[in-house]
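Engineer:
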Amino acid sequence: LIYGMNKEQLRPCDFAVRDEIKHFLKDSEKASMVPAVQLQNLAKETRILNAQNAVLAFYCRNYWDPRAFGDLLIQLTPPASKEEHHMEWQSVSAEFLRTMSKANISKVQRYQDRARHDAFTTFRDNIKAECKDLWVESNMEKWVFNTGPNLGECLERNTDTPYPFHRGGKAPYGDGVYVVREASLCCDEAVTTPDGSKQMLLSRCVTGRYSVGKSGMDKPSLLPSSNTKTFHSSVDNVAEPMTFILQSHEYLYPAYLITYRD
Numbered sequence: 003l004i005y006g007m008n009k010e011q012l013r014p015c016d017f018a019v020r021d022e023i024k025h026f027l028k029d030s031e032k033a034s035m036v037p038a039v040q041l042q043n044l045a046k047e048t049r050i051l052n053a054q055n056a057v058l059a060f061y062c063r064n065y066w067d068p069r070a071f072g073d074l075l076i077q078l079t080p081p082a083s084k085e086e087h088h089m090e091w092q093s094v095s096a097e098f099l100r101t102m103s104k105a106n107i108s109k110v111q112r113y114q115d116r117a118r119h120d121a122f123t124t125f126r127d128n129i130k131a132e133c134k135d136l137w138v139e140s141n142m143e144k145w146v147f148n149t150g151p152n153l154g155e156c157l158e159r160n161t162d163t164p165y166p167f168h169r170g171g172k173a174p175y176g177d178g179v180y181v182v183r184e185a186s187l188c189c190d191e192a193v194t195t196p197d198g199s200k201q202m203l204l205s206r207c208v209t210g211r212y213s214v215g216k217s218g219m220d221k222p223s224l225l226p227s228s229n230t231k232t233f234h235s236s237v238d239n240v241a242e243p244m245t246f247i248l249q250s251h252e253y254l255y256p257a258y259l260i261t262y263r264d
């Protein structure tokens, strides 16, 4: 809705004739769910949301959709179908194909777990409160990719984490959960399933304040002028981070499961 309205330079609040849409816009404004656009200032906005923010608009909207109850993995429809979810499929696949242009996507599934999403939102809000005036949403909340074995089964069972914890020789920037900004950076680690396809997660990630990690570190560096408090996460490069090292899966919400072939 937000992506489509901005593209046409219309205001979502003028389009919101249904109560559920009005409620979504109010909740989004309170939670600051769309970092690139403050909803209360949309009358002054003329720019079109970029691909990642389009994904975020869909991501936030659908968790409060009544269809979120029931199955945890909801398959989206590709653009050719012109059905309900085709724009969401297009936005998610565009972010994946941005660095995986030779891949052929066979399936995109939205992961809908209200309890898990609420826990992630609470964790995010706690980090935001810790950061206070230092919180910068565009820097401290990201869309990230990761891969591994049995991703779909982990999400369907809802008992195992799809985010493996790396230590020692497999942790060049310190121990933790490794996620990356671009799909191509983790494609070599993707496990081929019996039918020849591979899977990757597109997750919402709160990074908080971060510093450069080093091999052998079991937690992020200490904050300046502190003997006890550490940065929230570690990265490969502070200026242009591409790899984030997190202390637990609480920093992540697995929003979309992408199935593809090389």
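If you use this note's numbering, the sequence shown corresponds to residues 3 to 264, in order.
All C-beta atoms, glycine included, are put in the ideal place defined by N, C-alpha and C.
Keep in mind the model is a prediction, meaning the values are calculated, not measured.
Looking at C-alpha atoms only, which residue of Gln111, Glu139, Asp135 is the closest neighbour of Leu157?
Structural biologist: Counting from 1 along the sequence shown, the entry for residue 157 is found at position 155. Among Gln111, Glu139, Asp135, the Cα nearest to that of Leu157 is on Gln111.
Engineer: Going straight from the alpha carbon of Leu204 to that of Asn152, what length do you get?
Structural biologist: As a working mapping, residue 204 is identified with position 202 in the sequence shown. As a working mapping, residue 152 is identified with position 150 in the sequence shown. The alpha-carbon atoms of Leu204 and Asn152 are separated by roughly 15 Å.
Engineer: Could you tell me whether the Cβ atoms of Thr261 and His234 are closer together than 8 Å?
Structural biologist: In the sequence shown, counting from the first residue as 1, residue 261 sits at position 259. In the sequence shown, counting from the first residue as 1, residue 234 sits at position 232. No, Cβ-Cβ distance for Thr261 and His234 is not below 8 Å.
Engineer: Report the option in Cys189, Asp220, Val237 whose CA atom is closest to the CA atom of Tyr212.
Structural biologist: Residue mapping note: residue 212 aligns to position 210 of the sequence shown, counting from 1. Ranking Cys189, Asp220, Val237 by Cα distance to Tyr212 puts Val237 first.
Engineer: What separation, rounded to the nearest whole angstrom, lies between the Cα atoms of Glu155 and Tyr255?
Structural biologist: Walking along the sequence shown from the start, residue 155 turns up at place 153. Walking along the sequence shown from the start, residue 255 turns up at place 253. Distance between the alpha carbons of Glu155 and Tyr255 is about 16 Å.
Engineer: As a quick exercise: from Ser199, Ala192, Ala185, pick the residue whose alpha carbon is nearest that of Glu97.
Structural biologist: If you number the sequence shown from 1, residue 97 lands on position 95. Checked all of Ser199, Ala192, Ala185; the closest Cα to Glu97 is Ala185.
Engineer: Distance, Cα to Cα, Lys227 vs Phe122?
Structural biologist: As a working note, residue 227 is residue 225 in the sequence shown. As a working note, residue 122 is residue 120 in the sequence shown. Reading the sequence as shown, one finds Ser at residue 227 and not Lys. Straight-line Cα distance between these residues: approximately 29 Å.
Engineer: Using only the alpha-carbon positions, how far apart do Arg126 and Tyr253 sit?
Structural biologist: Against the sequence shown, residue 126 aligns to sequence position 124. Against the sequence shown, residue 253 aligns to sequence position 251. Rounded to the nearest angstrom, the two C-alpha atoms are 7 Å apart.
Engineer: Identify whether Lys130 lies in helix, strand or coil by the three-state DSSP scheme.
Structural biologist: As a position in the sequence shown, residue 130 is number 128, starting the count at 1. Here Lys130 sits in helix by DSSP.
Engineer: Taking the straight line between their C-alpha atoms, what separation do you get for Ile247 and Val181?
Structural biologist: One-based indexing of the sequence shown puts residue 247 at position 245. One-based indexing of the sequence shown puts residue 181 at position 179. Distance between the alpha carbons of Ile247 and Val181: 7 Å.
Engineer: Return the residue from the list Gly171, Ala241, Pro196, Thr163 that minimises the CA-CA distance to Arg118.
Structural biologist: If you number the sequence shown from 1, residue 118 lands on position 116. The shortest Cα separation from Arg118 among Gly171, Ala241, Pro196, Thr163 belongs to Thr163.
Engineer: In the DSSP assignment, the alpha helix (DSSP H) including Ser140 goes from what residue to what residue?
Structural biologist: Residue 140 sits at position 138 when you count from the first residue of the sequence shown. Ser140 -> alpha helix (DSSP H) spans 139–142.
Engineer: Quick one: is Arg100 buried, meaning 16 or more other Cβ sit within 10 Å of its Cβ, or exposed?
Structural biologist: As a first step, residue 100 must be located in the sequence shown, where it is residue number 98. Exposed, because fewer than 16 other Cβ atoms sit within 10 Å of the Cβ of Arg100.
Engineer: Our contact map puts Ser199 next to Ser108 with C-beta atoms below 8 Å; I'd like the distance itself, whole angstroms only.
Structural biologist: The residue given as residue 199 occupies position 197 in the sequence shown. The residue given as residue 108 occupies position 106 in the sequence shown. Between Ser108 and Ser199 the Cβ distance is about 6 Å, and since that is below 8 Å, they are a contact.
Engineer: Which one of Thr195, Thr124, His168 has the shortest CA to CA distance from Asp264?
Structural biologist: Residue numbering aside, residue 264 sits at position 262 when the sequence shown is read from its first letter. Of the candidates Thr195, Thr124, His168, the one whose C-alpha sits nearest the C-alpha of Asp264 is Thr195.
Engineer: Looking at C-beta atoms only, is the number of pairs between the segment 218–226 and the segment 169–183 that lie closer than 8 Å three or more?
Structural biologist: Segments in contact, yes.
Engineer: Compare the beta carbon distance of Leu75 and Leu259 with 8 Å and say whether it is the shorter of the two.
Structural biologist: Walking along the sequence shown from the start, residue 75 turns up at place 73. Walking along the sequence shown from the start, residue 259 turns up at place 257. Cβ atoms of Leu75 and Leu259: closer than 8 Å.
Engineer: Let me check understanding here. Comparing Cα to Cα, which of Gln249, Leu187, Arg183 lies closest to Thr232?
Structural biologist: If you number the sequence shown from 1, residue 232 lands on position 230. Nearest option by C-alpha distance: Gln249.
Engineer: Quick check on this structure: which residue in Ala257, Asn128, Gly215 has the alpha carbon closest to the alpha carbon of Gly170?
Structural biologist: Reading the sequence shown from its first residue, position 168 is the one you call residue 170. The candidate whose alpha carbon is nearest that of Gly170 is Gly215.
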